[in-house]
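Residue numbers (our numbering), protein chains in the order written: chain A, 1 to 259; chain B, 1001 to 1259; chain C, 2001 to 2294; chain D, 3001 to 3294. As structure tokens, the structure follows; a few thoughts come after it.
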Ligand SMILES: Nc1ncnc2c1ncn2[C@@H]1O[C@H](COP(=O)(O)OP(=O)(O)OP(=O)(O)O)[C@@H](O)[C@H]1O
Ligand SMILES: Nc1ncnc2c1ncn2[C@@H]1O[C@H](COP(=O)(O)OP(=O)(O)OP(=O)(O)O)[C@@H](O)[C@H]1O
Ligand SMILES: [Mg+2]
Ligand SMILES: [Mg+2]
């Protein structure tokens, strides 16, 4: 776990910082996610992110890697305004997340599909209901819910488990339910926190293939993961965090063993 | 996910079944875990295990692999009597688990260290308290608790996070807390359900090393995992489940991609 | 809007039954508390009616000179009737007074002393019944200055005492009712808060998947309203079953007339329904608010 | 064992404060309910004392012949005192009777008719006060057969009516107290159940790490007992603050004497403490049981 600051990322964030310019230059592809000089210190004094600068253009597929406790989940929480940055600014899909008025927060979250590291399923609802829930509470008309839910459940291979409660699912099935819920409202940005942690390699690959296919349709994907095999095989953009700093940002990266 | 029944396991379970003998022959090493002809059908009709025969001798280190939903967690739940088998018998450390009177169940669980797939941490207790909890509720004298807890927290690398609540931990830190709790009372059998799912490869390896070291001290380890790299590298015994059946049981196995 | 309403109601209904144990516990608490509230409301209404009855009994009695001419008595009577606070003025002749005195003695089991009398020593009198007992003093003074009035029994003391007692009782009744109301408020809101607390996860998840505050709040509020409504209906059912003995009790004890009973029943029904719905709604609103504000 | 106790108490204490909001809500509910219970207990005690007071007023009065010799009167008096159910027998002379009669008339604001009398028409009498109003009929009959007794006022009807009313009131008081007790029981157990329900996860985890039932149950039971104890103490504190007005009210309204007040206060303290501790303990025992049985 040595500090290997790759020159590329260092230079870029320095430039950004000097110009103090969170918005993209004309001609640059629109950045769906843009963090500018972000620091996050939790109330108990633990600093999870330090001076993070990051831009993810529309249509990108980004792996967020780094050791346990590096700040990956914290970064994701900032994007969905589950936490507020202590310093710096966060833009998602053009919205200034940190300065968003409270009542606008749902709007932000509806544009994003989120897979939580701890699934966050409702224990008293079946798989189908959990997935439908994300549509219902955002006001989707009833007749459109059923087909959409059935489609994503088939996509993640849970058609047979549709009427089981989370407590009656295997760990992997719970994770796939969480993924299905994140996909069901066709979000323009998908943020997945360790979406394959509980999956066997085969299903993990299928989920990744799924995310890749969705990405090809123009959806931006940000995925925090420890799955070295997948990261290395795909050669997509890799952002590596370590002790709260971006230590590497490569357009066609691999998973290094010190991540 | 084809059915590849390895001849070795088939023959052994057949022999066992013909002789109807759940207890070991004299001279055979004592089996810490022994499943005989176990079938588990959940109340909703889903059969998670079918005719499973398995013996784990004392001091073994066993990987339990198989695709998501194969029945790994169900098998583990049978061992700690979180569920009862629909058919067949389960012996753990000489106790007939399925027929154990209710008030003897704590005795069984105290002999085992369990890492749950979903951690099962108490949200209102700190890391230290969560780990100490397992000792307190089993009646360990107060003065022995503190040193034991500090030792395992150091072992899993959580000394700095000792006073944080689970909600203030990263996913990997939560998982390490769960592991620390399973180790703290020096169990003779450790059952870990996907203990490295949320860990980066480095820490995952450290945890495995830890389990190996503990195993060398004579503690039996049963570990359900999808971590192909670890399984393949270690060449330990691998039991593979598929759709509730044991399809492979190799003394020096690897992780096959159809698991 | 209609879809939102349908969604909220459906979710409320599901929420109620999926946590059936908790919902029914909350409903039972609500019912008990409403019964308590209704019981005290009824007692308070009975007390008020009873006190009014007592106060209406207050009268000023003016003994008349034996030589007072009938015409003057009648004129005085009419003048008194025109006074504010006077309900009725009755003329009691000497004979009537004696007859009544005998009755009273008999009723009290006393010796009938009147049979030892040679002539009727009692006076004719004017009995002034008051609508408002507070004018007693004034009426007494005015009567004392009348020529044909021999004497007026000084009841000011008595009136004061009655008024003091009834005012104290009225105030005590109101205080008890308010206290009971607060207890009911607290217990019900508390119960609902505990029920919502057990579902904090659900609220958290709704927020994270992008539900707006309205979508989170209203199903809970409707669920609370539902609990309140159910509690009210059960309470009204129970009160309906007990209506007859309650009515008899109120009549015997507080002299509430059947006519008043009807309006009391209506009041109680309104109070129970309003309290049930109001408490359920406001209780869940408050309970959910805690989570939405974060 | 001692370690177990220490552990359970520590856990209970922690459990109380870690869910402070919920614990305080439960305590507040407990307090309110105990105040309710204590209030009704006091009212019931007052009612009982008041009824006893009324019943003690029941007396049989035997008018004596004017020619009855003092010796015989005294003999009769002593015989009556020996009867069971008789509390005291007082001799009232003719003069005393007249004096009392005058007083009564005056008190009622009636005309003093006695001044028109030539001689004292009243009789001397024996007033038999009863400890047990049920013997009134029997005593009356016996007195009627005495030679020196002129007449006995027939009070059987009155006694029956008093007894009916007091019995109904006694029963009503007991029923109300039991109902209030059940309400309190239900609400408190319900509140504790909701509080435990919110911690089902904790119980589940304890079971999975091998805690025996005792280790799971007792911290919760102690926590419930703690809630009960705290609720009781707060309740007693409140009652202590309100002791003076309560005492005055009881004295004025129900004629409870200061001596009886002391024992009532003791009773109430015992009831409040016992109910608080009992309900807290039993409530959490029941609530936890649900989870342990699975
Ligand atoms: N709410 C919180 N309060 C205090 N500290 C926190 C909180 N959440 C996270 N932390 C700390 O911040 C650091 C970063 O946590 P984070 O969850 O972002 O890590 P991560 O990269 O997602 O790790 P993992 O791969 O294990 O999930 C950790 O050391 C953690 O202990
Ligand atoms: N309580 C339950 N009721 C009904 N079905 C259940 C229950 N628990 C598990 N199942 C079903 O049994 C099957 C086996 O589940 P199990 O949790 O044992 O799988 P697993 O091998 O641990 O999978 P994973 O690797 O995803 O954790 C799954 O299909 C699941 O849906
Ligand atoms: Mg994380
Ligand atoms: Mg599993």
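In this text, a Cβ means the ideal position worked out from N, Cα and C, and glycines have one as well.
Contact with chain C by residue i, beta-carbon distance below 8 angstroms
{"i": "residue 139(A)", "result": "yes"}
{"i": "residue 3121(D)", "result": "yes"}
Test: residue i CB closer than 8 angstroms to a CB of chain A
{"i": "residue 1024(B)", "result": "Confidence at residue 1024(B) is low in this model, with a pLDDT of 46, below 50, so the placement of that residue should be treated as unreliable; the coordinate-derived value is given next. It does not; no Cβ of chain A falls within 8 angstroms."}
{"i": "residue 2005(C)", "result": "no"}
{"i": "residue 2211(C)", "result": "yes"}
{"i": "residue 1197(B)", "result": "yes"}
{"i": "residue 1130(B)", "result": "no"}
{"i": "residue 2222(C)", "result": "no"}
Outcome for residue i when other beta-carbon atoms lying within 10 angstroms are tallied against a minimum of 16
{"i": "residue 3164(D)", "result": "exposed"}
{"i": "residue 3174(D)", "result": "exposed"}
{"i": "residue 1004(B)", "result": "Bear in mind that a pLDDT of 40 at residue 1004(B), under 50, signals an unreliable position, so the number given afterwards is only what the model happens to contain. Its Cβ having fewer than 16 others within 10 Å, residue 1004(B) is exposed."}
{"i": "residue 2040(C)", "result": "buried"}
{"i": "residue 2017(C)", "result": "exposed"}
{"i": "residue 2171(C)", "result": "exposed"}
{"i": "residue 2183(C)", "result": "buried"}
{"i": "residue 72(A)", "result": "buried"}
{"i": "residue 171(A)", "result": "buried"}
Local conformation of residue i per DSSP, three classes
{"i": "residue 1960(C)", "result": "Residue 1960(C) cannot be examined here, being either before or after the span of chain C that is shown, 2001 to 2294."}
{"i": "residue 2148(C)", "result": "coil"}
{"i": "residue 1140(B)", "result": "coil"}
{"i": "residue 3198(D)", "result": "coil"}
{"i": "residue 3125(D)", "result": "strand"}
{"i": "residue 2088(C)", "result": "strand"}
{"i": "residue 12(A)", "result": "Model confidence at residue 12(A) stands at a pLDDT of 41, short of 50, so the residue's coordinates are unreliable and nothing is read from them."}
{"i": "residue 63(A)", "result": "strand"}
{"i": "residue 2052(C)", "result": "helix"}
{"i": "residue 1225(B)", "result": "coil"}
{"i": "residue 30(A)", "result": "coil"}
{"i": "residue 3153(D)", "result": "coil"}
{"i": "residue 1057(B)", "result": "strand"}
{"i": "residue 35(A)", "result": "strand"}
{"i": "residue 2063(C)", "result": "strand"}
{"i": "residue 1051(B)", "result": "strand"}
{"i": "residue 250(A)", "result": "strand"}
Residue i: contacting residues in chain B (beta-carbon distance under 7 angstroms)
{"i": "residue 172(A)", "result": "1068, 1069"}
Under 7 angstroms by beta carbon: chain C residues contacting residue i
{"i": "residue 3193(D)", "result": "2025"}
{"i": "residue 136(A)", "result": "2007"}
{"i": "residue 106(A)", "result": "2210, 2211, 2212"}
8 angstroms Cβ cutoff, residue i in contact with chain E
{"i": "residue 2202(C)", "result": "Looking for chain E here will not work: the only protein chains present are A, B, C and D."}
Chain A residues whose Cβ lies nearer than 7 angstroms to that of residue i
{"i": "residue 2205(C)", "result": "120, 122"}
Contact list for residue i against chain D, beta-carbon separation under 9 angstroms
{"i": "residue 2183(C)", "result": "3032, 3033, 3035, 3036"}
{"i": "residue 1268(B)", "result": "Residue 1268(B) lies beyond the stretch modelled for chain B, which goes from 1001 to 1259, so this question has no answer here."}
Chain B within 8 angstroms of residue i, Cβ atoms only
{"i": "residue 3021(D)", "result": "no"}
{"i": "residue 3018(D)", "result": "yes"}
{"i": "residue 200(A)", "result": "yes"}
{"i": "residue 3226(D)", "result": "no"}
Proximal chain D residues relative to residue i, where beta-carbon distance stays under 7 angstroms
{"i": "residue 1085(B)", "result": "What residue 1085(B) touches in chain D: nothing, since even the nearest Cβ is about 17 angstroms away."}
Under 8 angstroms from the C-beta of residue i: neighbouring residues of chain C
{"i": "residue 53(A)", "result": "Those within 8 angstroms of residue 53(A) in chain C number zero; the least Cβ separation is about 26 angstroms."}
Beta carbon proximity, residue i to chain D, threshold 8 angstroms
{"i": "residue 1191(B)", "result": "no"}
{"i": "residue 1145(B)", "result": "no"}
Quick one: complete beta strand (DSSP E) runs, 3+ long, within the stretch 1076 to 1101 of chain B? 1087 to 1092
Go through the stretch 2201 to 2241 of chain C residue by residue and report every complete run of the alpha helix (DSSP H) that reaches 4 residues or more, in order. 2213 to 2241
List, from N- to C-terminal side, the beta strand (DSSP E) runs of 3 residues or more that fit wholly inside the stretch 191 to 236 of chain A. 220 to 224
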